[in-house]
Structures are given as C-alpha cells and as structure tokens.
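For reference, each letter of the sequence shown is one residue, going 0 to 311 in numbering that gives the first Met the number 0.
What follows is one structure encoded as structure tokens, with my remarks underneath.
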Amino acid sequence: MSKYLYGNTPTFLGAKNLSAGESLEDVDAVVYGVPWEGAVTWGDYTGCELGPKVMRLTSGRYSGYLPELDHIDVFEHVKLGDVGDVDVVPADVEETMKRITDFTSKLWQSDKFLIGLGGDHGITFPIVRALAEQGKKVGILHLDAHYDNLPSHNGDQYARCSPFARLYEQEGVRNESIIHTGIHGPRNLPEAGRNARDAGAVTVTINDIRKQDDLAKYARELYAMASKDVDCVYLSICSDVLDFAFNPGGPVDGNGLTSYELVTLVHEICKQGVIGMDFVEVYPQQDNNQNSAHFVSTVILYALAGWIHSKK
C-alpha cells in the first residue's frame, strides 16, 4: 500500500497506511491526526491545525534506530499504522469535539498504543473522554508549561486553555492522578494554580524537575502518582513544556525543559506502561525550518522505545 495519506503527505515515520479503513489487526501502535485549532488565546500563535501534516512530512527524514538507547531499532519491535485524520469541522466546536471522541473511541477499542498528533491542546479532552466512557479509570501525565485548566476562553469551553478544566469534570478521570508536570512561567494565571489545587490535581513545577539528580527515577515516581487508583495512564505533551530554545516554533516560554530532559522523561514514563499519548501545539507557520515538527519524531520514537520495554 502507498505510504502517502493524501497528496504529498506521507504516513508518519513510514507507518502502514490504514487511512482507507483497513484493519488494525496487523499493527501494534496507531498514529492519527487531529488538525484542529479552536480559539486563539494569544497573539499570532496560530496555525497548529497544520501540525499533523507537517509532523508527517518531517518524519520522512527518520528511521527507528536509536543508537543512544542500546542500539534499539524501534521498528524491529513495533508495527506502526497511520489511520489519517479526524474529520474536523472548522466552524463547529461542539461537533468537532464529538467527532474526535467518536473517532478515538473506535481506536481505543482496538487495544493498540495510540498516538495523537495535534492540533491545539483542546483535543486532549475528547480523546480522554472516549477512553473514560469505555469504563476505564484514567490518570494523566500532563507535560506542559501551562495548566490549561481555565473554565473557558471568550465563552469557548473547549479552548486550548481549558481541556483540563473539562477533564476535572469528566467521570472516570481521577483528578488526584492528573499530574501537571513541568509547569512554569508567568503566562500561567494565579487562578490556574488554584483550579488545580481545588480539583485535587498535582502540580510538578520545572524547579521540582530541576532539583532531581536522577531523571529516570523521577519519571518512575511521576508515573506512580499518575497510576494510583486508576486502570491506565495517558500521556499528553504540549510543545511549550520545552524551553523556546528547543521549540523555536512555539511561544516564547523560557526556563523550560531541554530536549534531553523531555525525551528522557517520556522514555522512562512510557517504560512504565502508558496506554496512549498525544503531542500538541506545533506551529509550522512560526518555524521556517520546522525544527519543532522535526523533533516530534524523536519524542515519539523515545516513547515507543519505552512502550516496547513495558511489554517485555
């Protein structure tokens, strides 16, 4: 089957093209895109609905071989499939949220490791809602500079600043197992920290991470917090958990994680056994060299390498 999904857009990391509705039976992990951008909450940082396309385009540069991780070739152990994109409706937020839930609900039923490419962070709520509605009790490791837990933005309850406000309300999500990780910087509002505290969610700041002598050990501790009294743990990553030096296409958030810190945390977290993940808020229009989109391939490969370990 052709490795191209549509036009000149290849499948992510050379995955098997499942966009024509082919069976997921022969794959272990499934990539899907959510080319959605809702309300823009700040300045000119827009265009993240192009993220799935550009992440796929840039992924064509990479193999699955990671010499720094014991010379693992990820694709000797994992068969990756790409099912294409959720059919979003740009003018209809409610309908789009419903479509994301319907689309991912079918994928969750496959028991494959799911990888969602955003899109803005608003997509995380309907993805996790689909999982919770299947009777799973869910914990979430949320890697981000920001809490994304404000009640709404200009009346939009599904804006990129609000997914965790909705998840706090979602039956089946254990708030005490939501671990906001890497939080830093003055683009957070005071009420965001209060909202997390009042909901019972856990805050892990950038300074909490920087104090650690052993990142791998700390990642295991974070997973233990997220996995307490739940059936499964979901991993959600916003690009701006990275310092802008390592995320040139993203907002100018300083004092963030380095690329090494992010991939180490992701790898070690996934070694513990997460059920799926998303990577959101890559802004191709802001990044002439697409460095931020390129780096997503490395993050996903580190996640898959960890997931492989969890299955042994």
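Note that CB positions come from ideal geometry on N, CA and C, so glycine has one too.
Can you find the residues in the same chain that come closer than 8 Å, C-beta to C-beta, to residue i, ignoring five residues on each side of it along the sequence?
i: Val396; result: The question about residue 396 has no answer here: the residues shown for the chain are numbered 0 through 311.
i: Phe245; result: Gly255, Leu256, Thr257, Ser258, Leu261 and Phe294
i: Phe243; result: Gly249, Pro250, Val251, Asp252, Gly253 and Gly255
i: Val82; result: Leu17, Ser18, Leu23, Val29, Val30, Tyr31 and Leu106
i: Ser170; result: The identity of residue 170 in the sequence shown is Glu, whereas the question assumes Ser. So the qualifying residues of the chain are Ala131.
i: Lys206; result: Reading the sequence as shown, one finds Asn at residue 206 and not Lys. Taken in chain order, the residues that qualify are His183.
i: Arg186; result: Trp41, Ala144, His145, Pro250 and Asp252
Here's the rule: buried if 16 or more other CB atoms are within 10 angstroms of the residue's CB, otherwise exposed. What is residue i?
i: Ala292; result: buried
i: Tyr44; result: buried
i: Lys111; result: buried
i: Ser22; result: exposed
i: Glu280; result: buried
i: His120; result: buried
i: Tyr222; result: buried
i: Leu251; result: Before going on, a small fix: residue 251 reads as Val here, not Leu. Looking at its Cβ environment, which holds fewer than 16 other Cβ atoms inside 10 Å, Val251 is exposed.
i: Tyr233; result: buried
i: Pro51; result: buried
i: Ala131; result: buried
i: Gln284; result: exposed
i: Gly6; result: exposed
i: Gly42; result: exposed
i: Arg193; result: exposed
i: Asn153; result: exposed
i: His70; result: exposed
i: Pro125; result: buried
i: Ala215; result: exposed
i: Asp239; result: buried
i: Arg209; result: exposed
i: Tyr282; result: buried
i: Lys320; result: With the chain represented from 0 up to 311, any question about residue 320 goes unanswered, as that position is not in the structure.
i: Gly118; result: buried
i: Arg173; result: buried
i: Ser62; result: exposed
i: Tyr64; result: exposed
i: Gly115; result: buried
Near residue i, what residues of its chain come up, given a Cβ to Cβ distance below 7 Å and the 5 sequence neighbours on each side ignored?
i: Ser151; result: Ala158 and Ser161
i: Asp228; result: Arg173 and Ser176
i: Lys136; result: Gly171, Arg173, Val229 and Asp230
On a Cα-Cα basis, can you pick out the residue from the options that is closest to residue i?
i: Ala218; options: Phe245, Glu170 and Glu267; result: Glu267
i: Glu48; options: Pro89, Val73 and Ala225; result: Pro89
i: Glu93; options: Asp155, Asn287 and Gly181; result: Asp155
i: Ile274; options: Val39, Tyr3, Gly138 and Val82; result: Gly138
i: Val318; options: Glu168, Gly305 and Asp91; result: Given a span of 0 to 311 for the chain in the structure shown, any question on residue 318 remains unanswerable.
i: Glu175; options: Val203, Ser109 and Leu106; result: Val203
i: Gln289; options: Thr40, Gly20, Val53 and Tyr301; result: Val53
i: Ala341; options: Glu170, Leu149, Ile178 and Trp107; result: Look at the range of the chain in this structure, 0 to 311, and you will see that residue 341 is not part of it.
i: Ala102; options: Gly181, Val85 and Gly118; result: Looking at the sequence itself, residue 102 is Phe, so the reference to Ala does not match. Nearest option by C-alpha distance: Val85.
i: Ser104; options: Gly134, Asp81, Asp27 and Asp228; result: Gly134
i: Gly272; options: Asn187, Gly171, Gly184 and Asp230; result: Asp230
i: Thr180; options: Glu220, Asp25, Gly46 and Val87; result: Glu220
i: Lys2; options: Leu116, Leu149 and Gly80; result: Gly80
i: Ser109; options: Asp25, Ala38 and Lys97; result: Asp25
i: Leu188; options: Gln211, Asp197, Leu149 and Leu166; result: Leu149
With 8 Å set as the bound, which would you pick, yes or no: does the beta-carbon of residue i sit closer than that to a beta-carbon of chain B?
i: Arg209; result: No chain B is part of this structure, which consists of one protein chain only.
Quick one: residues in its chain with C-beta nearer than 6 Å to the C-beta of residue i, no 5 flanking neighbours on either side, listed in chain order?
i: Gly305; result: His266, Cys269 and Lys270
i: Leu68; result: Ala304
i: His308; result: Lys270
i: Asp147; result: His120, Cys160, Pro162 and Phe163
i: Asp27; result: Val77 and Lys78
i: Glu199; result: In the sequence on display, residue 199 carries Gly and not Glu. Excluding sequence neighbours, Gly199 sits near Asn174 and Glu175.
i: Asp286; result: Pro247 and Gly248
key: the region 7 to 16 contacting the region 48 to 58, beta-carbon criterion three pairs below 8 Å   = yes
key: alpha helix (DSSP H) runs contained entirely in the region 225 to 310, provided each spans 4 or more residues   = 258 to 270 and 290 to 310
inquiry  = For a minimum of 3 consecutive residues, which ranges assigned as the beta strand (DSSP E) are wholly contained in the region 34 to 98?
reply    = 79 to 84
request  = Pair every Cβ in the region 28 to 35 with every Cβ in the region 244 to 263, then say whether three or more of these pairs are closer than 8 Å.
outcome  = no
ask   = Which runs of the beta strand (DSSP E), 3 residues or longer, sit entirely within the region 152 to 186?
value = 172 to 182
inquiry  = Count Cβ pairs between the region 67 to 78 and the region 128 to 147 that sit closer than 8 Å; are there 3 or more?
reply    = no
ask   = What runs of the alpha helix (DSSP H), each 4 residues or longer, lie entirely inside the region 117 to 158?
value = 123 to 131
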